[in-house]
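Novice:
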Amino acid sequence: MKAAIGNPRVLIVGAGPAGLAAAAELARSGVSDVLIIDRDDSPGGLPRFCHHPGFGLEYARWPYSGPAFAKKMLGQLQDTPVRISMGTTLLSIENGPVCEVIGPEFGHAQLEPQVVIVATGIREANRGNRVVPGVRPAQGILTTGLLQQLVHRNVSLPSYLRRLVVVGTEHVSFSAILTARHAGIRVVALIGADERVQSYSAAGWLARALGINIHLRSEIVSIAGTSERVEAVRVRKDRVTRDIACDGVLFSAGWIPETVALANGPMLIDAMTKGPIVDQAMRTSIPGVFAAGNVLRGVETSGFAALEGKRAGAMAAMAVAGKIPSGQARETRKMAQSRVPQHWDHSLPEPLELSDRWRPARFRDAYERQT
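Position 11, counted from 1, in the sequence shown is what the numbering used here calls 11; the numbers after and before it change by one each time, with no gaps.
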């Protein structure tokens, strides 16, 4: 039985950088009764588990550590009426918009806000998503997010876990190296399918200086070991395979937009980005529902996700005030060269853009191409 409870004017799904930035912008715009829900136990999103610099640069103009950036984002909501309900999960969104949620504060409830902003972020592709065969021990197969949470929460790791192979060479892969070192685990190898490291060149140099072998143009073929633990991974490059001894495997990156709650609903999902289709006002195909951050495509930094959240908050405030329609215009045509936004709506009144001081360049470039 779904409980009937009071409806917020704006419901934000996700308490990461995009959701918190959207809430801050709504508060600055004078919109009252804003509710943020998140299934985790604390707000801040993935950055709060990453104790190294490089977060929030595009939004805050400073490379904060993950926890410091999360603290800054939450600080913007002090002395505002924005409410945050943690441990609350979005189950579905239907036309209306009507949101089905479940959590300790609301129980199993149905919310009907005037506007919804989806900022559910991303998750990493795990072993199952990548379809890697081999043994399936109870421990020793990780993702970056899981390792960071275990270390952040001081959860004891297996005593035998001393040598780790990391699959991926993106920014987060090098973040995993730092987290592993903090936990007393040595990364022995990075495995990447591309021609070059997908993070900064300096990150690759640092990894090699730490004695980490980087295998490019390579893929993990299988995992060997027992039902108790990992003993090695088999890696293939140019049809040649080799075994790398290790005690664990960490799958990093391979980001997937978190759209489980949207999968069976009416919202249109882009086959390429795997995230909601939006226009330049961050409006999805469901009237009254906006989306922002890495749920749109799963490859951007926390600072850029926050910029999109800020934009979504500003556009949602305009929709609440009746200054723009809450739904995409039917005349909206497909963007020819830009992946996000997928659509551009020329029927929107001008001026629509926010200040170029923070406005994402890809929106500006896309607009110039269309005009």
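Beta carbons are placed, not taken as given, at the ideal position from N, Cα and C, and that holds for glycine.
(1) Note down the Cα distance separating Q337 from Y200, rounded to an integer number of angstroms.
(2) Suppose the cutoff is 8 Å on Cβ atoms and the five residues either side in sequence are ignored; what does the same chain contact list for E112 look like?
(3) What are the partner residues of R229, as DSSP defines its beta bridges?
(4) Tell me the residue span of the beta strand (DSSP E) that contains I36.
(5) Contact check, A305 vs G293 under 8 Å by CB: the rounded distance?
(6) Looking at C-alpha atoms only, which residue of Q139, E228, A60, P17 is the closest neighbour of T120?
(7) Would you report the Cα separation of S122 and V295, rounded to the nearest angstrom?
(8) Could you say which of G45, R9, R127 lies nearest to G254 if we only look at CA atoms?
(9) Which same chain residues, not among the five before or five after I212, have their C-beta less than 8 Å away from its C-beta?
(10) Where does R410 land, buried or exposed, given buried means 16+ other C-beta within 10 angstroms?
(11) I'd like to know whether the C-beta atoms of V233 and V249 end up nearer to each other than 8 Å.
(12) Which runs of the beta strand (DSSP E), 3 residues or longer, sit entirely within the segment 110 to 181?
(13) Evaluate A4 with the Cβ neighbour count: other Cβ atoms within 10 Å of its Cβ, from every protein chain shown; 16 or more gives buried, anything less gives exposed.
(14) Would DSSP call F363 helix, strand or coil?
(15) Quick one: what's E100 bridged to in DSSP?
(16) Could you give the distance in angstroms between the alpha-carbon of L307 and the alpha-carbon of P276?
(17) In this structure, how does DSSP classify L11 when only helix, strand and coil are distinguished?
(18) Among S326, V172, C50, N129, which residue has its Cα nearest to the Cα of V299?
(19) Mapping the DSSP letters down to three states, classify S65 as helix, strand or coil.
(20) Quick one, are the C-beta atoms of V10 and Q148 less than 8 Å apart?
(21) Going by DSSP, which residues form a beta bridge with V320?
(22) Given a threshold of 16 other Cβ atoms within 10 Å of its Cβ, counted over all protein chains shown, does L46 qualify as buried or as exposed?
(23) So, R140 versus L161, is the Cβ gap smaller than 8 Å?
(24) Taking the alpha-carbon positions, what's the I37 to V13 distance?
(25) Let me make sure I understand the geometry here. Which of P67, P341, K310, F251 has the alpha-carbon closest to that of I223?
(26) Which residue or residues does DSSP assign as beta-bridge partners of D243?
Specialist: The relevant details are as follows:
(1) Residue 337 sits at position 337 when you count from the first residue of the sequence shown. Residue 200 sits at position 200 when you count from the first residue of the sequence shown. A caution first: Q337 carries a pLDDT of 46, below 50, which makes its placement in the model unreliable, though a value can still be read off. In a straight line, the C-alpha of Q337 is about 26 Å away from that of Y200.
(2) The sequence position of residue 112 within the sequence shown is 112, counting from 1. Hits under 8 Å: N7, G96, P97, V98, C99.
(3) Here residue 229 refers to the residue found at position 229 when the sequence shown is read from its first residue. Per DSSP, none; premise fails for R229.
(4) Here residue 36 refers to the residue found at position 36 when the sequence shown is read from its first residue. Start and end: 34 to 38.
(5) Numbered from 1 along the sequence shown, position 305 holds the residue referred to as residue 305. Numbered from 1 along the sequence shown, position 293 holds the residue referred to as residue 293. So it is a contact: roughly 4 Å between Cβ atoms.
(6) Numbered from 1 along the sequence shown, position 120 holds the residue referred to as residue 120. It is P17 whose Cα lies nearest to the Cα of T120.
(7) Along the sequence shown, read from residue 1 onward, the residue named residue 122 stands at position 122. Along the sequence shown, read from residue 1 onward, the residue named residue 295 stands at position 295. The question names Ser, yet the displayed sequence has Ile at residue 122. Cα to Cα, I122 sits roughly 6 Å from V295.
(8) Locating residue 254 in the sequence shown gives position 254, where the first residue counts as 1. Looking at G45, R9, R127, the one whose alpha-carbon comes closest to that of G254 is R127.
(9) For the purposes of this step, residue 212 is identified with residue 212 of the sequence shown, where counting begins at 1. Answer for I212: I177, V187, V188, A189, L190, listed in chain order.
(10) The structure shown does not extend to residue 410, since the chain spans only 1 to 371, so no value can be given for it.
(11) Looking up residue 233 in the sequence shown gives position 233. Looking up residue 249 in the sequence shown gives position 249. Contact flag set, yes.
(12) 115 to 118, 141 to 143, 163 to 167
(13) Mapped onto the sequence shown, residue 4 falls at position 4. Unreliable positioning characterises A4 in this predicted model, as indicated by a pLDDT of 41, which lies under 50. The coordinate reading is nonetheless provided below. With fewer than 16 other Cβ atoms within 10 Å, it is exposed.
(14) Working through the sequence shown from its first residue, we reach residue 363 at position 363. Because F363 sits at a pLDDT of 47, beneath the cut-off of 50, its placement in the model cannot be relied upon, and the following sentence gives the value as read from the coordinates. Correct three-state label for F363: helix.
(15) Against the sequence shown, residue 100 aligns to sequence position 100. In the DSSP output, where bridge partners are listed per residue, E100 has S92, Q110.
(16) As a position in the sequence shown, residue 307 is number 307, starting the count at 1. As a position in the sequence shown, residue 276 is number 276, starting the count at 1. Going by the C-alpha atoms only, they are around 17 Å apart.
(17) Here residue 11 is taken as the residue at index 11 of the sequence shown, counted from 1. Annotated three-state conformation of L11 is strand, per DSSP.
(18) Start at 1 with the first residue of the sequence shown, and residue 299 comes out as number 299. Nearest C-alpha to V299: V172.
(19) The count along the sequence shown starts at 1 and reaches residue 65 at position 65. Strand.
(20) Here the question's residue 10 lines up with position 10 in the sequence shown. Here the question's residue 148 lines up with position 148 in the sequence shown. Contact: no.
(21) In the sequence shown, the residue the question calls residue 320 occupies position 320. Per DSSP, none; premise fails for V320.
(22) Mapped onto the sequence shown, residue 46 falls at position 46. Buried, because 16 or more other Cβ atoms sit within 10 Å of the Cβ of L46.
(23) Mapped onto the sequence shown, residue 140 falls at position 140. Mapped onto the sequence shown, residue 161 falls at position 161. It is Gly, not Arg, that sits at residue 140 in the sequence shown. Contact: yes.
(24) Reading the sequence shown from its first residue, position 37 is the one you call residue 37. Reading the sequence shown from its first residue, position 13 is the one you call residue 13. In a straight line, the C-alpha of I37 is about 5 Å away from that of V13.
(25) Taking the sequence shown and counting its residues from 1, the one referred to as residue 223 is at position 223. The shortest Cα separation from I223 among P67, P341, K310, F251 belongs to F251.
(26) As a first step, residue 243 must be located in the sequence shown, where it is residue number 243. DSSP output for D243 lists R234 as bridge partner(s).
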